[in-house]
Structure formats: structure tokens, C-alpha cells
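S.K.:
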Amino acid sequence: MSKRVALVTGGMGGLGTALCRRLHLDGFTVAATFSPSNHYRCEWLASHRRDGMEFIALEADVADFECAGRAVQRLLGHAGRINVLVNNAGLARDRSMCRMGLDDWHAVMGVNLDGAFNMARHTIETMVAQRWGRIVNIGSVNGQQGALNLATLVPPRPACTA
């Protein structure tokens, strides 16, 4: 059997890089997506190549359903399968709700929520056909506890009962 293939969205960021490296060390063929505005992908790939790690780089705007689908199809064409999807891509617009514009809101929701759906939707059928697959969704701790100047929906803490 050939190596399992992992796809990490936002794979060239801080956490994404750590995920890519760990999956590579665990024996996966690893593909990392990067946003169209990423201008350091060549340096990122070269630095890992010097460490003996080869990664597949896929440009993808995960917030765009069709673009996400094209990235998945490129990986399937190259590697033949996707066994693990890690939805790690995330976007923050650090400002209070009263200063956040609608465009910023849509950008954050597009990457953080729509992106996870878009990528999962395009990979799930392949995983079902293979009869094996994993989808891991990464979220920020700020989604649970909030942070200053982040427009975040924070669930209420349950009341203590004694």
C-alpha cells in the first residue's frame, strides 16, 4: 500500500507548519494549502527541503467553494488519494464588534467556517470510496473564551450547582 496522504489547509502558517512536519515524520505524504496572498511559499518549501522534508504546495482560497474543489482535484491528480484532511486555515480581524465592517466579518466567516465545509465537502466522497478517512477541524481557543478586540461569539458558562 502506498503512503497515506494528508492535506493541511493553512499549512504554511505557524500551527500548520507544525502539523505538516508531524504528519511527514509519521510517514504521510503531506500537502499544504496556501492563500493566494502568500508570497513566501517558495522559501517555506525550500527551508523544509533542506531539512529533508518534501511537501506538496496547493494554492487555494478555501472560502471559495470552486477554488477549494480545484485544489482537492489537483491533489487527487498528483497523489491519487486523500486520507486525512486537517482544516487548519484561519483568519482573524482583531477589532471590536463596533469597529468591524461587514467585509471583515464575511472574510473571517468565509475562511473559518465556509472553508472547513468547502474542503470537507470536496474530500468526503473520496474518503467514503476508500472506506477510510479522517477530517480534523482546528479552532482557536478564542472561540471558547474570547479575547480583547476580537468579535467572537462566546458561549455562556454553565452555572455552578452544588
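Residue numbers (the working numbering): 1 to 162. The C-beta atom is built at its ideal place from N, Cα and C for all residues, glycine as well. Quantities reported herein were computed from a predicted structural model and do not represent experimental measurements.
In this structure, how does DSSP classify I124 when only helix, strand and coil are distinguished?
M.R.: Reading the sequence shown from its first residue, position 124 is the one you call residue 124. Of the three classes helix, strand and coil, the one that applies to I124 here is helix, per DSSP.
S.K.: Can you name the residues that DSSP bridges to V30?
M.R.: Here residue 30 refers to the residue found at position 30 of the sequence shown. A6.
S.K.: Would you tell me roughly how many angstroms separate the C-alpha atoms of M100 and Q130, rounded to the nearest one?
M.R.: The sequence position of residue 100 within the sequence shown is 100, counting from 1. The sequence position of residue 130 within the sequence shown is 130, counting from 1. If I take the Cα positions, the gap works out to 43 Å.
S.K.: In this structure, what does DSSP give as the bridge partners for L58?
M.R.: For the purposes of this step, residue 58 is identified with residue 58 of the sequence shown, where counting begins at 1. Paired residue(s): T33.
S.K.: Which residues bound the alpha helix (DSSP H) around L102?
M.R.: Along the sequence shown, one-based indexing puts residue 102 at 102. Looking at the DSSP string, the run of the alpha helix (DSSP H) that includes L102 is 102–109.
S.K.: Only counting the same chain, and skipping five residues up and downstream in sequence, which positions put a Cβ closer than 8 Å to that of F28?
M.R.: Locating residue 28 in the sequence shown gives position 28, where the first residue counts as 1. Same-chain partners within the cutoff: K3, R4, V5, A6, N83, V84.
S.K.: Beta carbon of A89, beta carbon of V72: below 8 Å?
M.R.: Locating residue 89 in the sequence shown gives position 89, where the first residue counts as 1. Locating residue 72 in the sequence shown gives position 72, where the first residue counts as 1. No, the Cβ-Cβ distance between A89 and V72 is not below 8 Å.
S.K.: Between the region 47–56 and the region 92–106, are three or more C-beta pairs nearer than 8 Å?
M.R.: Counting Cβ pairs under 8 Å, fewer than three are found: no touch.
S.K.: Exposed or buried, what is C20 when buried is set at 16 or more other beta-carbons lying within 10 Å of its beta-carbon?
M.R.: Against the sequence shown, residue 20 aligns to sequence position 20. Buried.
S.K.: In whole angstroms, what is the alpha-carbon distance linking D225 and D51?
M.R.: Here the chain covers residues 1 to 162 and nothing more, so residue 225 does not appear.
S.K.: Return helix, strand or coil for N87, following the three-state DSSP convention.
M.R.: Here the question's residue 87 lines up with position 87 in the sequence shown. Reduced to three states, the DSSP call for N87 is strand.
S.K.: Can you tell me whether V86 is buried or exposed? The criterion is at least 16 other CB atoms within 10 Å of its CB, across all chains shown.
M.R.: As a working mapping, residue 86 is identified with position 86 in the sequence shown. Its Cβ being crowded by 16 or more others within 10 Å, V86 is buried.
S.K.: Looking at the structure shown, is R164 part of a helix, part of a strand, or coil, going by DSSP?
M.R.: Only positions 1 to 162 of the chain appear in the structure, and residue 164 is not among them; the question remains open.
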